[in-house]
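To start, the structure under review is shown below, and the notes come after it.
Below is the structure:
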């Protein structure tokens, strides 16, 4: 089943524009169906979605439930143009919007930042559970003149339910295939009427593995085992002074999804081993790899050959993440303004061990060969503070603020790898310490000046200062902490930068139901670094036979020790319209955008060009480089139709054209970055069709509702110019609510109803390793849930 995406998109836009132009004729009829009015906080104040000059997809709690959104990863299928993926491991999420994604190396700010309780979250361990929320808002385009954290692609705002003075609670439990289970609940407790209230919510999710591992003794993979807790305390000290403090905790301990073989780069092992071990031995190992890769490729989805447990290091394929945080918001209201302070602190401990090649034992004349096994450990603390002054006057709404963030390692951390190693010569476990400390300051503000009752001029500005320092050293048997790293005598790597950004826009309220806007924005992503300090012959252009890919010629990485700012200039035109024809209500939102991306960062692998045993082997054996200039343009549309109060149909999508204008770097070793192998993280087209229907009369003593979502995405250049194929998904849900005095709801849900086999994220798709790998999305999953309002 496949949609024809471009005709669907163009016809939807044509319908949207034609309906909007005819609103003067088709006014709302008294008996027309009604669409929900959604309130958003995209401009740090509550406003209706249809009157905000920003492209926003807002998902209410009901929408999240109807689409069975259980974690951030599920947003890909319901938010046009948004893609959730992984880079460098299942604990390192990659979010992309409008062709802008994460830099998987270093500690730069992601293109898309996730906020919870107005506090930015780190990218490590970011696939958090979406429970007990009021809304999720996805803001598209550069953000910074209204938000503390500067971003170039967009922002995802998670708004958990806050305490109120009603005594209510709910309990949800569920079971499903693959032995899945869910237990979730939340409750309000009034501590003192109109003065203090507490809300406690939590969730536990479990699921057995969905991927079969044929490696002898290897565990099956792609489990879920996570638990979350959130405690919120609201105090209204006076009518004008309030405080809300939130503590949250998250833990995951599981065998995550494993790399699947999707392709083969022949000759890698033979070329590496022939000069040292002789042609016959090298050919034997190359043939053994080719045979197993062919077997795994033929096996397809959900079958792996992960032998991580069998490499002599007494480790297994595992992801373990534990994090906790505190968010505190204090507000004081004056007559025409409010002073707000948002403080955040978070500790993250996350480790992942993975067989990046998805290959089992490779046996040859000299015994078992390990291609590339990786361990990554992150131990960091993050502190942020944002001070806002928000107000309104005669024809003016304004905000000004200051932002500070600081993150640093709390323990020893880095990456370790066993690469191209024959176990007959001993177990290899080479650790590369990678420690970075970031500090950011910013001043920002924005003014909405109402020129008339229909026309508003929006002007915003920001200035940011960024500092980053890193210490790294490779070739060790264990990771080092900050003081030990400096004691080795290696030089720390530092980078500093500062830059202005701005917003200039105009919006026009054509009528009470039609809203037009135009916006120009400058955005930037701050400086970054590559660690360790490049100083040995292996990274300064020397010669050594272990620099295999360069035939003994090692690359010179010194020009890429630091990474400069990336710059974004975009122009966006938008239309938001509510309308009706007879009894049918409709909503049409359309945005057109053009983006110039200067000094775009790409990552270039040096695996094989620099030996893993080198004391300054780059973190993850790759370097981030200001490599290209890009032009990105496209359109986004959201169309909602309500023929009756019981039936709602939706169609949304994004069409993007991404062009690589220039490449700015020469070859690194044998790795040549060209226009054809630049990573472009967003598909040309992706879209979702939705149907929601309520029976409108009692069935089995309750109210029956049926929901279905159909999602399609084009192929996309996931990594190093290698594309992952297009796919489509069908999700469905059936709810029987208002049972047992309207307090009980029973739900049947199914994700990937047609059991589509699809790759959802890249593993290692580049040319430096024998296997090209990717992660597969979940097979068909289904379950039963019972929700009880207490």
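In my numbering, the protein residues as written are 13 to 802. Each residue gets a CB set at the ideal place from its N, CA and C atoms; glycine is no exception.
What is the DSSP secondary structure of residue i, reduced to helix, strand or coil?
| i | result |
| --- | --- |
| residue 45 | coil |
| residue 248 | strand |
| residue 280 | helix |
| residue 718 | strand |
| residue 420 | strand |
| residue 497 | helix |
| residue 85 | helix |
| residue 40 | Unreliable positioning characterises residue 40 in this predicted model, as indicated by a pLDDT of 42, which lies under 50. The coordinate reading is nonetheless provided below. Coil. |
| residue 157 | coil |
| residue 794 | strand |
| residue 96 | strand |
| residue 385 | strand |
| residue 63 | helix |
| residue 690 | coil |
| residue 9 | Outside the shown range of the chain, which is 13 to 802, sits residue 9, and nothing can be said about it. |
| residue 633 | helix |
| residue 452 | strand |
| residue 701 | strand |
Does the distance from the CB of residue i to the CB of residue j come in under 8 Å?
| i | j | result |
| --- | --- | --- |
| residue 219 | residue 191 | yes |
| residue 81 | residue 149 | no |
| residue 482 | residue 455 | no |
| residue 480 | residue 540 | yes |
| residue 785 | residue 775 | yes |
| residue 458 | residue 323 | no |
| residue 765 | residue 183 | no |
| residue 616 | residue 566 | no |
| residue 803 | residue 726 | Here the chain has residues from 13 to 802 only, and residue 803 is not among them. |
| residue 213 | residue 144 | yes |
| residue 108 | residue 693 | yes |
| residue 575 | residue 637 | yes |
| residue 535 | residue 257 | no |
| residue 598 | residue 653 | yes |
| residue 647 | residue 603 | yes |
What are the boundary residues of the beta strand (DSSP E) that includes residue i?
| i | result |
| --- | --- |
| residue 774 | 771–774 |
| residue 148 | 145–152 |
| residue 73 | Not the beta strand (DSSP E): residue 73 falls in the alpha helix (DSSP H), residues 73–78. |
| residue 673 | 659–675 |
| residue 731 | 728–731 |
| residue 56 | Careful: residue 56 lies outside any beta strand (DSSP E) and carries neither H nor E. |
| residue 566 | Looking at the DSSP string, residue 566 is not in any beta strand (DSSP E), and its letter there is neither H nor E. |
| residue 784 | 783–788 |
| residue 536 | 526–537 |
| residue 349 | 349–367 |
| residue 809 | Residue numbering for the chain in the displayed model covers 13 to 802; residue 809 lies beyond these limits and cannot be assessed. |
Taking the alpha-carbon of residue i as reference, which of the options has the nearest alpha-carbon?
| i | options | result |
| --- | --- | --- |
| residue 485 | 428, 374, 672 and 798 | 428 |
| residue 506 | 529, 512 and 572 | 572 |
| residue 488 | 522, 426 and 111 | 426 |
| residue 84 | 168, 750 and 164 | 168 |
| residue 755 | 411, 790, 713 and 720 | 713 |
| residue 350 | 377, 254 and 319 | 254 |
| residue 797 | 197, 46 and 63 | 197 |
| residue 399 | 584, 525 and 415 | 415 |
| residue 702 | 575, 663, 735 and 439 | 663 |
| residue 722 | 762, 686, 301 and 186 | 762 |
| residue 737 | 578, 275 and 345 | 275 |
| residue 74 | 388, 341 and 142 | 142 |
| residue 246 | 548, 203 and 188 | 203 |
With 16 other CB atoms within 10 Å as the buried threshold, where does residue i fall?
| i | result |
| --- | --- |
| residue 136 | buried |
| residue 478 | buried |
| residue 42 | Caution applies to residue 42, whose pLDDT of 48 falls short of 50 and renders its modelled position unreliable; the value that the coordinates give is listed next. Counting Cβ neighbours within 10 Å, residue 42 comes out exposed, since fewer than 16 surround it. |
| residue 70 | buried |
| residue 249 | exposed |
| residue 235 | buried |
| residue 348 | exposed |
| residue 783 | buried |
| residue 671 | exposed |
| residue 291 | exposed |
| residue 469 | exposed |
| residue 358 | buried |
Report yes or no: is there a C-beta of chain C within less than 8 Å of the C-beta of residue i?
| i | result |
| --- | --- |
| residue 233 | You won't find chain C in this structure, because it holds only one protein chain. |
Looking at the secondary structure, which residues open and close the alpha helix (DSSP H) in which residue i lies?
| i | result |
| --- | --- |
| residue 305 | 291–311 |
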